[in-house]
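Each remark here refers to the structure printed beneath this line.
Numbering (the numbering used here), first residue to last: 510 to 841.
Structure representation (C-alpha cells):
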C-alpha cells in the first residue's frame, strides 16, 4: 500500500476552456425530467448509522452485482469488559468496555454503502447543481436556508437524469455498525467519562479497541478504507464539483457552441448537458479507486481513524509514502 501525494482539484478539471471530447453538451441522447432524489442512507449525517440493508444505495449496488466482501468477522486481542452506565439519572447512557487480552476474540464485521460523491455534504448547494436539471429537479439540492441564492440554468422540464443513489456512486466499506447498532462501539462521550474515573487503564484500553478494530477491518476487507464520516473527504469532493460547475458556466456562456445555441430566448436557460452524468460517474470511479486500491491519497480518507491507521502503517514501514496518484480520470 502507498500513501500518495495530496489530491489536487486540477487533476480532475483541466485548464482548457473547452474540449469537445469531454464537453457534456456534445453527448446526444434523450433528455429526462427526473427529480433528483435525496441521498439514502444519509451517511453524511453526524452520528448517522446506515440502514442494515444499506438503504437505497445498498440495494442498487446489490442489484448491480456489487456485493460486500466475504469477510464478516475480525479477531482481536481484546475481550469484552463490563457495561458502564454514565450520563444523568433521567437520561442514562451505556458504554461497552474492552480490555487487552492474550487470546484472540472474534467480533462481527458489517459493511456500509458509501456515497463516493456525498449528496449532502458535497453535491448539495455546489455550483454544478444548477446544470443538473430544472428548478423542480434540483429543489432538494439547493443550499440550506440562509445560504447563497441558487436557481437552475436548465430549461423547464429537463434534467440530466443523475441519481446520487445509483450503483455507480457507491462502494461497500468496512464500518463499525455491527457493533454500534448493538451499543458496543465506544462513543466519544463514554470514553471521556471512563477517562475521568480512577481506573484510567479501563478507559485507555477501551479507546485502544477502536483503532485495533479499524485496522483489522481494513485488512480483512482487502485494503478498503474504514467508513464512518470524515468531513475533509466531503470538502475535497465538493471542491472538485465546484470546479466542474465553474467550467460548465464558461462552456454554456462563452465556449461551447452547442450549449450557447440551446439558450432560451430572454433567459439564461440551456439544454441539459446530457454527458454530465457520465462525467460524474467517472469522478465516482476515480474516488472508488482511491478508497479501495493500492494507493490512498489525503485528504480522501473516509474516517479519521483510517487516516490514523495510514499514518501508523507509514511510521512502522508497512506502507510507503510516494508521489503515486493512483488511477485518476480527468472529468472536463
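We put the CB at the ideal spot given by N, CA and C, even for glycine.
Residue 792 is positioned such that its CB atom lies no closer than 8 Å to that of residue 587.
In the displayed model, residue 788 falls within a helix according to three-state DSSP. For residue 709, no beta strand (DSSP E) segment is defined; the enclosing uninterrupted segment is the alpha helix (DSSP H) at 709–729. Contact between residue 660 and residue 641 does not hold, since their C-beta atoms are separated by about 12 Å, which reaches or exceeds 8 Å. DSSP places residue 754 inside the alpha helix (DSSP H), whose first and last residues are 740–759.
Setting aside the 5 residues that flank it on each side, residue 672 is surrounded in the same chain by 546, each with a C-beta closer than 7 Å to its C-beta; the list follows chain order. Membership of residue 605 in the beta strand (DSSP E) is indicated by the continuous run 601–617.
Excluding five sequence positions before and after residue 759, the CB atoms of its chain that fall closer than 7 Å to its own CB belong to 526, given in chain order. Residue state for residue 598 is assigned as coil, using DSSP reduced to three classes. Two segments are said to touch when three or more pairs of C-beta atoms, one from each, lie closer than 8 Å; by this definition the region 615–622 touches the region 676–689. For residue 564, the enclosing alpha helix (DSSP H) has its first and last residue at 564–572. For the pair of segments examined, the region 792–810 was found not to touch the region 762–780: the number of CB pairs separated by less than 8 Å stays below three. One thing to note: residue 704 has its Cβ within 8 Å of the Cβ of residue 712.
The alpha carbon of residue 544 has as its nearest neighbour, out of 780, 650 and 634, the alpha carbon of 650. In this structure, residue 607 lies away from residue 779, with their beta-carbon atoms at least 8 Å apart. Shown here, residue 651 sits in coil according to DSSP, grouped into three states, outside any helix or strand. Taking the Cα of residue 695 as reference, the smallest distance to any Cα among 613, 510, 714 and 801 is reached at 714. By the neighbour-count criterion, in which 16 or more other beta carbons inside 10 Å mark a residue as buried, residue 596 falls on the exposed side. Residue 647 places its beta carbon less than 8 Å from that of residue 639.
By the criterion of at least three beta-carbon pairs nearer than 8 Å, the region 625–637 is in contact with the region 737–745. Just so you know, the alpha carbons of residue 622 and residue 837 end up roughly 21 Å apart. Secondary-structure assignment with DSSP links residue 541 through a beta bridge to 668.
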